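Some notes on the structure that comes next.
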Amino acid sequence: MDDVWVFGDFACKAVRFFFYTNLYCSINFLMCISVHRFLGVCFPLRSMPYRTKKLAILASAATWICVTTELLPTVVFARSGVINNMTVCYDLTSPDNFQAYFPYGVVLTITGFLIPFLIICACNCLMIKTLWRAEEKINVGKEIRRKSVRTITVVSLLFVLCFVPFHITRMIYLIVRVDFTEDCTVLNFVMLSYKIWRPIVSFNSCINPILYFTSTDSQRGRLLAQLGRNKVHPAVKSNKPAQGNNKPEIRTSGEKHTKH
């Protein structure tokens, strides 16, 4: 179907709104996880009153509310239109609205990506620094600390790979769309780069849970134990000899008698 959009203007607005809401909620939740882990690693005792289930729920609710509120303008800007006799769903907004969208796009990039990105980088760097210092002083749990450092490093690199190129190409695309509209070659090249990186941002949401799960021995052990338990047929348990003074029972008319 190429780029032809057949689902109408309402569906176009809904798709754009939910895509960007999911994107920036993911980034902000990763920031919350980084802050939570930073407090647990760098200030394990002092941060205990703040690392509670109640505050975690409040932080989650606040994240959803803030991101949803910030993304509401996308419902206004996103729309379908006609290009070369084909109906399309504009990713950001229609060409005649780019001047109005540009300030909002810049603010969204700064608040939705840049600030959380800097906080995540700061938390991860401080955690790695704390873990390396602890390893130099104490040899107990040396392998655990190294594994934690590896996990933090991989998560950070994954975040950079998935989100940084997308937002860089997106900002370049916004600038070119506003200031270099007459240069079709540059515009097409930047737009292609932006479209290539756009689907990659969704990979982070798929890979991160797997990475966190496999990096935790307790969770991986529970899964393997559960898989092993499911392989045992239920009848095996019933074939085990009973313990204690077991005597055959005879049932008659709903009553139970023990044969001596």
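Residue numbers (this note's numbering): 1 to 260.
Virtual Cβ for every residue (Gly too), placed ideally from N, Cα, C.
Fair warning: this is a prediction, and the values are worked out from it, not measured in the lab.
> What's the gap between the Cα of T74 and the Cα of S202?
Replying inline: 19 Å
> Quick one, are the C-beta atoms of I196 and T169 less than 9 Å apart?
Replying inline: yes
> What distance in whole Å lies between the Cβ atoms of V186 and V176, which are believed to be in contact at a cut-off of 8 Å?
Replying inline: 6 Å
> Considering V176, what are the terminal residues of the alpha helix (DSSP H) in which it resides?
Replying inline: K142 to D179
> Which ranges does the beta strand (DSSP E) cover as unbroken runs of at least 3 residues, wholly within the region 65-127, from first to last along the chain?
Replying inline: 80-83 and 86-89
> What is the residue span of the alpha helix (DSSP H) that T52 lies within?
Replying inline: Run containing T52: none; DSSP gives neither H nor E here.
>> Measuring CB atoms only, is the region 109-118 touching the region 86-101, in the sense that at least three cross pairs come out at less than 8 Å?
In response: no
> Taking the C-alpha atoms as reference points, what is the distance between N188 and M171?
Replying inline: 15 Å
> In whole angstroms, what is the alpha-carbon distance linking I124 and H36?
Replying inline: The residue you asked about is not Ile; residue 124 is Asn in the sequence shown. If you take the alpha carbons of N124 and H36, they lie about 11 Å apart.
> Who are the Cβ neighbours of C121 in its own chain at under 8 Å, not counting the five residues just before and after it?
Replying inline: S156
>> Residues in the same chain with beta-carbon distance under 7 Å from S317, minus the five sequence neighbours each way, listed in chain order, please.
In response: Residue 317 lies beyond the stretch modelled for the chain, which goes from 1 to 260, so this question has no answer here.
> Three-state secondary structure (DSSP) at V236?
Replying inline: Any reading at V236 must be qualified, since the residue scores a pLDDT of 47, below 50, and its modelled position is unreliable; the value itself is stated next. Helix.
> If we count the other Cβ atoms within 10 Å of its Cβ and call it buried at 16 or more, is F7 buried or exposed?
Replying inline: exposed
> Whose CA, out of P44, L71 and I57, lies closest to the CA of F17?
Replying inline: L71
>> Checking 9 Å against the spacing of the C-beta atoms, do V4 and V88 come in under that value?
In response: yes
> Relative to the alpha-carbon of A78, which residue among C12, A59 and I119 has its alpha-carbon at the smallest distance?
Replying inline: C12
>> Tell me the residue span of the alpha helix (DSSP H) that contains S26.
In response: G8 to C42
> In whole angstroms, what is the alpha-carbon distance linking Y104 and E143?
Replying inline: 46 Å
>> Below 8 Å on the Cβ atoms is my contact criterion, and I expect L161 with V149 to pass it. Report the Cβ-Cβ distance as a whole number of Å.
In response: Wrong, their Cβ atoms sit about 19 Å apart, outside the cutoff.
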